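To keep things clear, I will list the structure first and then write my remarks on it.
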Amino acid sequence: MARVPLLLLALGLAAAAKSPYQQVLQHSRLRGRQHGPNVCAVQKLIGTNRKYFTNCKQWYQRKICGKSTVISYECCPGYEKVPGEKGCPAALPLSNIYETLGVVGSATTQLYSDRSNLRPEIEGPGSFTIFAPSNEAWASLSAETLDSLVSNVNIELLNALRYHMVDKRVLTDDLKHGTTLNSMYQNLPIQIHHYPNGIVTVNCARLLKADHHATNGVVHVIDKVIATTTNTIQQIIETEDSLETLRAAVAASDLNSLLESEGQYTLLAPTNEAFEKIPRETLNRILGDPEALRDLLNHHILKSAMCAEAIIAGLTMETLEGATLDVGCSGEELTLNGKPIIANKDVLATNGVVHFVNELLIPDSAKTLFELAQESEVSKSTEFFRQAGLSSHLTGSERVTLLAPVNDVFKDGLPVIDSNMRNLLLNHIVKDQLSSKYLYHGQKLQTLGDKELRVFVYRNNLCIENACIAAHDKRGRFGTLFSVDRMLTPPTGSVMDVLKADHRFSTLVAAIQSAGLTENLNRPGTFTVFAPTNEAFRALPQGELNKLMGNAKELANILKFHVADEILVSGAVNALVRLKSMQGDKLEVSMKNNVIHINKEPVAESDIMATNGVIYAVNSVLQPQASRPQERGDEPADPALEIFKQASALSKVSQRNPRLAPVYSRLLARMKENAG
Numbered sequence: 001m002a003r004v005p006l007l008l009l010a011l012g013l014a015a016a017a018k019s020p021y022q023q024v025l026q027h028s029r030l031r032g033r034q035h036g037p038n039v040c041a042v043q044k045l046i047g048t049n050r051k052y053f054t055n056c057k058q059w060y061q062r063k064i065c066g067k068s069t070v071i072s073y074e075c076c077p078g079y080e081k082v083p084g085e086k087g088c089p090a091a092l093p094l095s096n097i098y099e100t101l102g103v104v105g106s107a108t109t110q111l112y113s114d115r116s117n118l119r120p121e122i123e124g125p126g127s128f129t130i131f132a133p134s135n136e137a138w139a140s141l142s143a144e145t146l147d148s149l150v151s152n153v154n155i156e157l158l159n160a161l162r163y164h165m166v167d168k169r170v171l172t173d174d175l176k177h178g179t180t181l182n183s184m185y186q187n188l189p190i191q192i193h194h195y196p197n198g199i200v201t202v203n204c205a206r207l208l209k210a211d212h213h214a215t216n217g218v219v220h221v222i223d224k225v226i227a228t229t230t231n232t233i234q235q236i237i238e239t240e241d242s243l244e245t246l247r248a249a250v251a252a253s254d255l256n257s258l259l260e261s262e263g264q265y266t267l268l269a270p271t272n273e274a275f276e277k278i279p280r281e282t283l284n285r286i287l288g289d290p291e292a293l294r295d296l297l298n299h300h301i302l303k304s305a306m307c308a309e310a311i312i313a314g315l316t317m318e319t320l321e322g323a324t325l326d327v328g329c330s331g332e333e334l335t336l337n338g339k340p341i342i343a344n345k346d347v348l349a350t351n352g353v354v355h356f357v358n359e360l361l362i363p364d365s366a367k368t369l370f371e372l373a374q375e376s377e378v379s380k381s382t383e384f385f386r387q388a389g390l391s392s393h394l395t396g397s398e399r400v401t402l403l404a405p406v407n408d409v410f411k412d413g414l415p416v417i418d419s420n421m422r423n424l425l426l427n428h429i430v431k432d433q434l435s436s437k438y439l440y441h442g443q444k445l446q447t448l449g450d451k452e453l454r455v456f457v458y459r460n461n462l463c464i465e466n467a468c469i470a471a472h473d474k475r476g477r478f479g480t481l482f483s484v485d486r487m488l489t490p491p492t493g494s495v496m497d498v499l500k501a502d503h504r505f506s507t508l509v510a511a512i513q514s515a516g517l518t519e520n521l522n523r524p525g526t527f528t529v530f531a532p533t534n535e536a537f538r539a540l541p542q543g544e545l546n547k548l549m550g551n552a553k554e555l556a557n558i559l560k561f562h563v564a565d566e567i568l569v570s571g572a573v574n575a576l577v578r579l580k581s582m583q584g585d586k587l588e589v590s591m592k593n594n595v596i597h598i599n600k601e602p603v604a605e606s607d608i609m610a611t612n613g614v615i616y617a618v619n620s621v622l623q624p625q626a627s628r629p630q631e632r633g634d635e636p637a638d639p640a641l642e643i644f645k646q647a648s649a650l651s652k653v654s655q656r657n658p659r660l661a662p663v664y665s666r667l668l669a670r671m672k673e674n675a676g
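Using full-length UniProt numbering, the first residue of the sequence shown is number 1, and each one after it goes up by one.
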């Protein structure tokens with residue numbers, strides 16, 4: 001029985017849900033209510049007659065399509081002013097559709113209804129919906145188009161008006177996104193789109209004033225005179241001379257059937273001019289590669305129909321290729337990825353809408369590594385690899401992943417290229433086309449320079465050896481681009497090999513050998529070594545240094561405190577990181593002013609990579625907690641002293657307190673027992 005009320009509640013909530021248009025209208029009412037009943041706040045683009053009911057975001061930004069607006073207050077649809085009263089307290093008189101047209105700002109439609117002999121029908125009984133062009137919409141028609149309509153009022157004009165009509169009552173809540181209505185002219189379809197931002201379009205004409213009730217139907221005022229459409233997107237491509245190159249590309253990629261099929265797509269149709277702007281070598285490569293060509297064309301097809309009138313701010317749209325495009329507007333112009341490249345908009349088809357674009361949108365998936373890098377924050381790396389004679393790996397069909405340092409790495413200029421540098425760059429090219437989301441900790445990667453690189457996964461970073469990934473992957477046709485934060489340094493030997501080869505660590509090497517730890521640091525492992533330099537040992541008092549070197553056990557203990565059994569590269573250090581040393585105590589690694597600190601001591605050099613770990617050069621010898629001179633003692637702590645510390649917390653006031661005095665006496669007794 002309890003389910004019935006819940007079901008009724010759910011049905012009630014569903015019934016109460018408002019369409020996006022009604023939600024925006026309600027917000028406009030709220031913003032206008034201080035001016036009286038049934039007053040709506042309207043945003044008007046400065047310098048134009050374009051008006052919009054306002055949503056919350058637009059209200060605070062005071063912009064539409066990046067242009068400033070002014071707020072005005074008007075009667076909400078269906079209401080009118082009364083002289084001497086505040087706001088719009090009176091509902092519009094309920095009359096037939098013909099009379100209503102004259103009241104709601106569509107007097108020209110009313111006039112043409114009279115001339116075409118439509119008036120008797122929309123004055124008489126019935127139930128109709130008319131999408132009535134505003135007076136401005138009729139005025140914006142070309143003289144040629146308008147003349148062809150009004151010169152034959154009994155056929156052309158009448159048919160045009162009947163195409164704006166539906167033989168039933170349809171309110172905005174009934175105008176569902178992506179649906180069609182059969183018009184009263186040969187049942188030809190009218191396309192409806194109801195967008196999340198509250199914009200409703202009819203064949204890409206925007207509803208200006210909606211839901212005006214009449215005795216025999218509903219009037220919606222729209223901002224354009226709509227025309228019939230019978231062509232699919234594919235048929236538009238086939239008949240437009242400016243789309244000749246696109247027509248050949250679509251045929252070569254077998255996309256004809258998709259663009260002929262039922263659905264609601266947006267085609268951003270590149271014109272012949274758009275193709276001509278692309279370097280001939282790049283264009284020939286894409287046209288000759290069926291997969292790249294298909295990706296290119298799918299990148300120009302959005303998954304839903306997007307009319308220009310619905311775009312009043314930036315939004316991200318997904319393409320059939322899988323990537324996204326930033327679709328926006330700047331004043332009257334539509335923009336793609338911030339550029340005003342749409343030459344002709346809202347060419348309507350039966351299965352969507354076409355916008356002509358004068359630049360080709362090449363997706364990453366159709367680009368070479370060289371093209372990917374040129375257009376990103378690693379463009380200097382591209383030049384570096386080109387100078388080193390490695391361009392063929394970035395432009396061919398070889399499956400590779402490029403680890404490209406960001407431009408900031410080369411702010412002081414590109415390094416000199418010699419054989420060693422060329423080999424190092426080869427080790428920035430990994431065999432196989434990878435995706436960072438599939439990399440895992442401890443994974444081994446093979447480079448074109450025959451080196452093995454390790455993957456380290458940390459809480460805040462993903463690193464390959466000492467280089468950490470600084471941006472999202474860019475996946476091209478054959479290669480993937482990883483932007484990394486520094487030049488990579490592949491390991492050249494074990495920890496002991498690296499220490500022996502660096503003269504700064506000769507004292508440390510002797511200490512390790514003396515302590516019997518050489519084998520440990522030569523074996524396979526995952527060590528982080530904070531390696532004291534010769535300078536660090538010289539800084540110790542001579543007596544302490546001699547004592548340390550003469551006690552193998554104490555020396556081993558100190559050295560183990562400098563080694564952790566996990567690899568931590570500097571790119572993983574953001575906040576404080578605690579490592580357990582091989583001695584047992586914790587090591588605290590932190591970053592301050594872009595310098596790594598170990599136990600608050602600055603590190604002289606970071607990320608010296610070894611095959612079994614990573615080395616940090618430090619100019620001080622780190623001391624475990626128990627070995628620090630100021631904390632040493634030859635005798636164990638006296639438990640009586642600890643008890644006395646507890647007892648001393650009871651002041652003389654406590655002793656005088658009759659309730660606390662016995663407690664104090666017992667603590668003193670325990671102290672004496674322990675002392676005995």
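The beta carbon of each residue, even a glycine, is placed where N, CA and C say it ideally should be.
Every value quoted in this text rests on a predicted model; they were computed, and no experiment measured them.
Cut-off 7 Å between Cβ atoms - residues of its own chain near V569, not counting five sequence neighbours on either side
F456, C463, N466, D607 and V614
Whole-Å CB distance - C76 paired with C40, under 8 Å assumed: With 8 Å as the limit, C76 and C40 qualify as a contact, their Cβ atoms being about 4 Å apart.
For a quick check, are the C-beta atoms of L360 and P279 less than 8 Å apart?
Contact flag unset, no.
Over the uninterrupted beta strand (DSSP E) stretch that includes G328, give me the two end residues. T324 to S330
What residue from P37, Y98 and L45 has the CA that sits closest to V82's CA?
-> P37
TODO: Thinking A132 and H220 are a contact (beta carbons under 8 Å), I'd like their distance in whole angstroms, please.
DONE: 7 Å
Worksheet item: What's the call for R31, buried or exposed, on a 16-neighbour Cβ count within 10 Å?
Response: buried
- Within 10 angstroms of the Cβ of A373, are there 16 or more other Cβ atoms? Answer buried if so, exposed if not. buried
Query - Close beta carbons around L171, own chain, < 7 Å, minus the five adjacent residues each side - result: D211 and V218
**Prompt:** Using the beta-carbon count (16 or more within 10 Å), is H562 buried or exposed?
**Reply:** buried
* **Burial state of P602, where buried means 16 or more other Cβ atoms lie within 10 Å** => It counts as exposed.
Check the DSSP bridge columns for V46 and list the partner residues they point to. The displayed chain sequence assigns Ile, not Val, to residue 46. Answer is none; I46 lacks a bridge partner.
DSSP has Y265 in a bridge; who is on the other side? G352
(request) Mind listing, in chain order, the continuous beta strand (DSSP E) runs of no fewer than 3 residues lying wholly within the UniProt domain "EMI" (36-90)? (result) 39-45, 51-53 and 67-75
| task | Excluding the 5 residues preceding and the 5 following N557 in the sequence, name in chain order all residues of the same chain whose CB lies nearer than 6 Å to its CB. | result | Q583
Discussion item. I need the straight-line Cα distance from P93 to L141, nearest angstrom please.
Written reply: 31 Å
(Q) Looking at F385: is its Cβ nearer than 8 Å to the Cβ of L414? (A) Cβ atoms of F385 and L414: not closer than 8 Å.
TODO: With 8 Å as the threshold, decide whether the Cβ of I342 is near any Cβ in chain C.
DONE: Checking the listed chains, one finds no chain C in this structure; it contains a single protein chain.
Quiz prompt | Sub-8 Å separation of residue 753 and V618 beta-carbons | solution = Outside the shown range of the chain (1 to 676) lies residue 753, about which nothing can therefore be said.
Open item on the list: I believe A305 touches Q264 by the beta-carbon criterion, under 8 Å. Please report the beta-carbon distance rounded to the nearest angstrom.
Closed with: Rounded to whole angstroms, the Cβ separation of A305 and Q264 is 4 Å, and the two are in contact under 8 Å.
_DSSP has L462 in a bridge; who is on the other side?_
V457
Q. If you count every other CB in all the chains shown that lies within 10 Å of the CB of Y440, and 16 or more means buried, which is it?
A. Looking at its Cβ environment, which holds fewer than 16 other Cβ atoms inside 10 Å, Y440 is exposed.
Have a look at S435 and E318 and give me their C-alpha separation to the nearest angstrom. Their Cα atoms are separated by approximately 20 Å.
Could you tell me which residues DSSP pairs with V614 in its beta bridges?
T528 and M609
Margin query: Relative to the C-alpha of E605, which candidate in G442, G543, L402 and V529 has its C-alpha closest?
Written below: V529
What number of angstroms, rounded off, separates the C-alpha of S116 from the C-alpha of V150?
-> 9 Å
Exercise. Taking three-plus beta-carbon pairs below 8 Å as touching, is the segment 475-486 in contact with the segment 387-400?
Worked result: yes
Exercise for review: Consult DSSP for S242 and reduce its assignment to one of helix, strand or coil.
Suggested key: helix
Taking all protein chains shown into account, decide if E262 is buried (16 or more other Cβ within 10 angstroms of its Cβ) or exposed.
Exposed, since its Cβ has fewer than 16 Cβ neighbours within 10 Å.
Given L45, which residues of its chain have a CB within under 7 Å of its CB, disregarding the five upstream and five downstream residues? I64, K67 and T69
Check your understanding: Does the Cβ-Cβ distance between N216 and F128 come in under 8 Å?
Key -> In this structure, F128 lies closer than 8 Å to N216 by Cβ.
The beta strand (DSSP E) with E333 in it runs from where to where? E333 to L336
- Query: So what's D346 in DSSP terms, helix, strand or just coil?
  - Reply: strand
Just to confirm, is the Cβ distance from L259 to T229 under 8 Å?
no
_Using a Cβ-Cβ cutoff of less than 6 Å, which residues in the same chain neighbour I342 once the five nearest sequence positions on both sides are dropped?_
L334, H355 and V357
Report task. Using 10 angstroms around the beta-carbon of S581, count the other beta-carbons present and answer buried if the total reaches 16, otherwise exposed. Result -> buried
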